[in-house]
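Here's the structure, in structure tokens; my notes come after.
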Amino acid sequence: MFKRRSIIALLIISVLILASLSGCGSQPKEEAPAAPAAPAASGDEGNKEAAQTPEDSGKDYKIVLLLPGPINDQGWNATAYEGLQMVEKDLGIKMEYIESVQQADFEAVFTDYGSRGYDLVFAHGTQFYDAAVNVGPQFPDTFYMVINSEEGQEPNVGGIGVREWEGGYIAGIIAGMNTDTKKMGAIGSFPFPVIAGTLDAFEAAAQRIDPEIQVTKTYVNSWEDIQKGKETALAMAEAGSDVIFCSANEVGLGSIEASKTKGVKAVGYISPQNEVAPGTVLSSVIYNTPGLFKGTVQQLIDGELKPVGASLGWADGVLDMQWTDDIGQDVKDAVYEAIDELKAGKIENPYKGE
Amino acid sequence: MKDIFNITFLIALLSASIRLSVPILFAALGGMYSERSGVVNIGLEGMMLVGAFAGVVGSYFTGSYWIGAMVAVLSGMLMAALFALITVKIKINQIVSGVAINLLAVGVTSFFYRALFGITTVPITVNAFSPVSIPILSDIPIIGEILFKQTVLVYIAFLLVPISHYIFYKTSLGLSIRTVGEHPMAADTVGIPVSKVRIVCVLISGALAGLGGSFLSLGQFNMFVDNMVSGRGFIAVAAVIFGKWSPTGVLMASLIFGVADALQIRIQMAGVSIPYQFLLMFPYLLTVVAVTGIVGRTTSPKALGNPYEK
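For the protein sequence lines, the chains are Y and B, in the order given.
Residue numbering for the first sequence follows this note's numbering, beginning at -13 and increasing consecutively.
Residue numbering for the second sequence follows this note's numbering, beginning at 3 and increasing consecutively.
Encoded structure:
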């Protein structure tokens, strides 16, 4: 019995080794053992070649997108997936992706793709930054691009920060002009600086419309617990809020559902959410994240990727509006005025800190 | 904080508590059947998730939320059948198998959602349950507002408590379940088919967990989103222990979790200067308290977690 088991184990191991070797056809590199998840390391000669000959149709690029959640989360990760499709359609480059990468696995996954000689690794969230900085220097031929990080590090870690607070600010303008009770609710996922800053900006913008407006801010500690999102928004509406804003992916669907139930309004956020509940969603502030991916891949092709952090907002076309027909011209005017001010850098980030 | 304790607030708080406790109650009642027969069911979370998804699929293709709920029950049972096969028949470690069921559920639901509906930016919506006011009872001040203006699934959940109590303590089936969970060998010697009883109990737990999942997707919403159960199955496992494996105990435990959650939301909103993390921790803190047995002695079924070998 024991013998048979060990034979089977041996068989499985050899099949695995064969399978992983067949994928590369060259000598494994010495960094390989650092990657527990990697079946085996592959040489990267082939990719270097590809990187040096950008005139080639680009089909030889090895690019992967790491996502912290599922691609159908109706928010953050969904927009990244759209970006991947855009890259494929417009640039003809097929990108791989992995969903729901857990924090504990960040370094292992980075090491894995580094040792397999990928040209570009997208990590969709600022939480990936530390791991990228730790792993990056070991794989100088791979570029790690951390979305939503405003920092980068030599030689090969870049960041593209989205000034999410600018989105929250515009949502606040819309909400501020549509409240009768002068009370509104803002729901966040976790009090990360980015999310807290978005809610603070929402509040600041609403109070710019009317200083008497009160904004109730709460966190649900989840990106996907839509029942909690719904109950939170219901409680807000019961306490008198008549506009609800939510920056927490799927949880936002819960808050929109609650707004519909209670007959109050909601501001859509990140993905175009006007169709989720027509008549309830005033309009949506949307992210043009797909463009970020296309732009970065284009930079890779042109050999212009730089290990620096960028910070993008309305001025860079990263944010956009999806209007509904219910919105009056006065609201639109106020929004475009605020957008112009944001573009001109006239508004300070209202983030109050921890 | 000023107007926090008026009657409207209390009504809103308690009816939110009911809504938040119902999915836990369904799954915990199911878990109780399974655990009483000696099978630890950590897989409740996964069975709920499959139920939530299947409910939406059933309602989408037939247009009937009742059929949706039926499909949810059946698919919960399907997951449970797999779990029973692994744990009762093949006798693999119940905890490990339960974790496997949970992981499987996340993948299966996500995969089939995409296979059926594609990757959508706006979720597919289906026909769903709406609140039904029970005549006369719903006119009772306060209580009527809280208890009798809910969806049918809420009433079913609460009716299941006395039904389960009756089954456990007044029928021979209940006696068999309890015996199998306490002393399977004794049960076997008096002719109770241990494996059969356990399989039936695991199937019941799957059915109820599935129904609990469909309460989320069809009773609270009209859509499915990935991982929408968000840990309620695990809270249910704790509620079984907290409730000391009895139907009324499980009911109380579920309600306490529901109240804790509903209160947590409102305290946070009132801007009380307690760190919000502490408030969010509250339901889970209760869980830890429950599991460590601080609330009285918890006597689990003696054969819990042990596969029965003849």
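Built from N, CA and C at the ideal position, the CB exists for glycine as well.
Check: Please report the Cβ distance between L306 of chain B and G40 of chain B, rounded to the nearest whole angstrom; I am assuming they are in contact, meaning their Cβ atoms lie under 8 Å.; Outcome: 6 Å
Check: Can you confirm whether K214 of chain Y, when its beta carbon is compared against all beta carbons of chain B, has any partner nearer than 9 Å?; Outcome: yes
Check: Which runs of the beta strand (DSSP E) spanning at least 3 residues fall entirely within the segment 100 to 172 of chain Y, listed in chain order?; Outcome: 106 to 110, 129 to 133 and 143 to 148
Check: Could you round the C-beta distance between S256 of chain B and I26 of chain B to whole angstroms and report it? I think they count as a contact, below 8 Å.; Outcome: 4 Å
Check: Roughly how many whole angstroms lie between the Cα atoms of A56 of chain B and I92 of chain B?; Outcome: 27 Å
Check: By DSSP, does V271 of chain Y sit in helix, in strand, or in coil?; Outcome: strand
Check: I'd like to confirm the pairing. Which residues does DSSP put opposite G174 of chain Y in its beta bridges?; Outcome: Y:Y205 and Y:S233
Check: Determine the chain Y residues that contact R180 of chain B at a beta-carbon separation under 7 Å, and present them in chain order.; Outcome: Per Cβ cutoff of 7 Å: no residues; R180 of chain B is ~33 Å from chain Y at best.
Check: Which whole-angstrom value describes the C-beta separation of G144 of chain Y and V283 of chain Y, a residue pair presumed to lie in contact below a C-beta threshold of 8 Å?; Outcome: At roughly 12 Å, the Cβ-Cβ gap does not stay under 8 Å, so G144 of chain Y and V283 of chain Y are not in contact.
Check: Is it buried or exposed for E243 of chain Y, if we count other Cβ within 10 angstroms and need 16 for buried?; Outcome: buried
Check: Flag this pair as yes or no: are the beta carbons of A263 of chain Y and G240 of chain Y separated by less than 9 Å?; Outcome: no
Check: Answer yes or no: does any C-beta atom of chain B fall closer than 9 Å to that of D346 of chain Y?; Outcome: Lying outside -13 to 340, the shown extent of chain Y, residue 346 of chain Y is not represented and no answer is given.
Check: When Cβ atoms are compared, which residues of the segment 214 to 228 of chain B fall closer than 9 Å to chain Y?; Outcome: L218, Q222, F223, N224, M225, V227 and D228
Check: How would you label K251 of chain Y, buried or exposed, when you count the other beta carbons within 10 angstroms and need 16 or more for buried?; Outcome: buried
Check: T122 of chain B versus chain Y: which residues are under 9 Å apart at the beta carbon?; Outcome: N58, Q60 and A64
Check: Residues of chain Y with CB closer than 7 Å to the CB of M271 of chain B, please, in chain order.; Outcome: T202, T204, A221, M222 and A225
Check: Any chance the segment 112 to 126 of chain B sits against the segment 136 to 144 of chain B, with 3 or more Cβ pairs inside 8 Å?; Outcome: no
Check: Counting along the chain, where does the beta strand (DSSP E) carrying S232 of chain B start and finish?; Outcome: First-last for S232 of chain B: undefined, no H or E at that position.
Check: Give a yes or no on whether the C-beta atoms belonging to Y104 of chain Y and A118 of chain Y are separated by under 9 Å.; Outcome: no
Check: Report the three-state DSSP secondary structure of A252 of chain Y (helix, strand or coil).; Outcome: strand
Check: Is the Cβ-Cβ distance between V73 of chain Y and V304 of chain Y less than 9 Å?; Outcome: no
Check: Between the C-alpha atoms of P56 of chain Y and N63 of chain Y, what's the straight-line distance to the nearest angstrom?; Outcome: 6 Å
Check: My understanding is that Q308 of chain Y touches S270 of chain Y, with C-beta atoms under 8 Å, so please give their C-beta distance in whole angstroms.; Outcome: 4 Å
Check: Just to confirm before moving on: does the CB-CB distance between K214 of chain B and A238 of chain B stay below 9 Å?; Outcome: For the sequence presented, residue 214 of chain B should be read as Gly rather than Lys. It is a contact, given that the beta carbons lie within the stated cut-off.
Check: I need the boundaries of the beta strand (DSSP E) containing A296 of chain Y, first residue and last residue.; Outcome: G295 to L298
Check: Using a C-beta to C-beta distance shorter than 9 Å, which residues of chain Y count as neighbours of P125 of chain B?; Outcome: N58, Q60, E236, L239 and V262
Check: Would you say S39 of chain B faces chain Y, with C-beta separation under 9 Å as the test?; Outcome: no
Check: Using 9 Å as the threshold, is the C-beta distance between A352 of chain Y and G226 of chain Y below it?; Outcome: As shown, chain Y starts at -13 and ends at 340. That puts residue 352 of chain Y outside it, with no answer to give.
Check: Just reading off the alpha helix (DSSP H) that D326 of chain Y is part of, what are its end residues?; Outcome: Q315 to K329
Check: How big is the Cα-Cα spacing for K75 of chain Y and K280 of chain Y?; Outcome: 10 Å
Check: Name the chain Y residues whose beta carbon is nearer than 7 Å to that of V49 of chain B?; Outcome: It should be noted that the sequence gives Met, not Val, for residue 49 of chain B. Those within 7 Å of M49 of chain B in chain Y number zero; the least Cβ separation is about 17 Å.
Check: Measuring only between beta-carbons, confirm whether G53 of chain B sits less than 9 Å from chain Y.; Outcome: no
Check: So that I know if they touch, is there some Cβ in chain B lying closer than 9 Å to that of S257 of chain Y?; Outcome: yes
Check: According to DSSP, what are the bridge partners of W309 of chain Y?; Outcome: Y:S269
Check: Between E189 of chain Y and chain C, is there a C-beta pair that is closer than 9 Å?; Outcome: Reference to chain C is not applicable here, since the protein chains of this structure are Y and B.
Check: Just to confirm, are F114 of chain B and I103 of chain B a CB contact at a threshold of 9 Å?; Outcome: no
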